[in-house]
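These notes concern the structure reproduced below.
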Amino acid sequence: YFAVHNFLCNGDSYTGNMIHNYYLHEKDGKLGMIPWDYNLAFGTFQGGNASSSVNDSIDKVLSDRPMQAWIYSDEEYTEQYHALFADFIEQWFTDAELEQLIADTASMIRPYIEKDPSKFCTTEEFDKGVQALEQFVKLRGESVIRQLEGNTTAVETGNLNLSDMGSMDRGFEDGNQARSDYRFTWDSPKEP
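Count along the sequence shown starting at 1, add 2, and that's the number in my numbering.
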């Protein structure tokens with residue numbers, strides 16, 4: 003969980019400042035993390051900047067988060083975490099599988115974006131967001147590989163703009179007109 007989570011740079015979570023947006027599930031004495039609210043992952047929570055998000059440390063010890071801190075409480079656990087991270091990188095980056103997954107998913111969603119009269123972004127903004135996501139994932143992969151090799155040199159992020167993938171203040175836009183006062187309402191059925 004933490005290898006994938008730390009790759010995604012989700013600050014609106016257990017590892018973020020608010021320490022929220024997760025559930026714990028216990029079965030047979032083992033806890034499992036059930037995350038939710040990943041809409042502001044990839045460094046977009048609270049307007050993160052590209053360089054700090056792409057190069058976010060995979061070994062940041064959060065001593066006040068016991069489920070994360072235990073990874074660093076024993077060298078064997080840390081090595082296991084790094085091995086799992088390396089396996090994740092190899093599986094998804096060696097043959098560009100993650101890039102293909104993003105492209106396939108965008109192709110599947112794009113026709114619905116084009117037809118949706120109540121969409122929160124234009125089709126052009128959607129495409130720009132997909133391009134930013136592809137760039138972020140590629141650069142984050144490079145950064146993680148460097149970190150696993152012990153190289154602390156930051157990956158250059160060029161013109162990557164994280165807000166192209168969305169932000170906290172862009173949730174209800176419709177083209178050029180902001181809809182911050184947009185509300186969903188539900189009327190209960192009337193009694194006969």
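Glycine included, every Cβ here is placed at the ideal spot set by N, Cα and C.
Could you give the C-beta distance for residue i and residue j, rounded to a whole number, given that I count them as a contact under 8 Å?
{"i": "SER59", "j": "PRO37", "result": "Going by Cβ atoms, the distance from SER59 to PRO37 rounds to 20 Å, so no, they are not a contact pair."}
{"i": "ALA52", "j": "THR154", "result": "The pair is not a contact, with the Cβ atoms about 18 Å apart (cut-off 8 Å)."}
{"i": "PHE44", "j": "PHE128", "result": "About 15 Å separates the two Cβ atoms, so there is no contact after all."}
{"i": "ALA134", "j": "ASN57", "result": "At roughly 16 Å, the Cβ-Cβ gap does not stay under 8 Å, so ALA134 and ASN57 are not in contact."}
{"i": "LEU162", "j": "LEU141", "result": "7 Å"}
{"i": "ALA5", "j": "PHE95", "result": "Not quite, the Cβ-Cβ distance comes to about 13 Å (not below 8 Å), so this is no contact."}
{"i": "VAL132", "j": "ILE115", "result": "Actually they are not in contact, since the Cβ atoms of VAL132 and ILE115 sit about 10 Å apart, beyond 8 Å."}
Based on the DSSP output, what are the partners of residue i in its beta bridges?
{"i": "LEU33", "result": "GLU28"}
If you follow the alpha helix (DSSP H) that residue i is in, where does it begin and where does it stop?
{"i": "MET167", "result": "Unbroken run through MET167: none, as it is neither H nor E."}
{"i": "HIS84", "result": "77-95"}
{"i": "ILE1", "result": "The question about residue 1 has no answer, for the chain in this structure spans 3 to 194."}
{"i": "TYR114", "result": "99-117"}
{"i": "GLY143", "result": "125-150"}
{"i": "HIS7", "result": "4-10"}
{"i": "VAL63", "result": "Per DSSP, VAL63 belongs to no alpha helix (DSSP H) and is neither H nor E."}
{"i": "SER56", "result": "It is worth fixing the name first, because residue 56 is Val in this sequence and not Ser. Note, VAL56: alpha helix (DSSP H), 52-56."}
Just to check, is the beta-carbon of residue i closer than 6 Å to a non-hydrogen atom of the ligand NAD?
{"i": "ARG112", "result": "By its list of ligands, the structure shown contains no ligand whatsoever, and the ligand NAD lies outside what it can speak to."}
Would you call the region 112-121 and the region 16-23 in contact, with 3 or more CB pairs under 8 Å? Too few Cβ pairs lie closer than 8 Å, so no.
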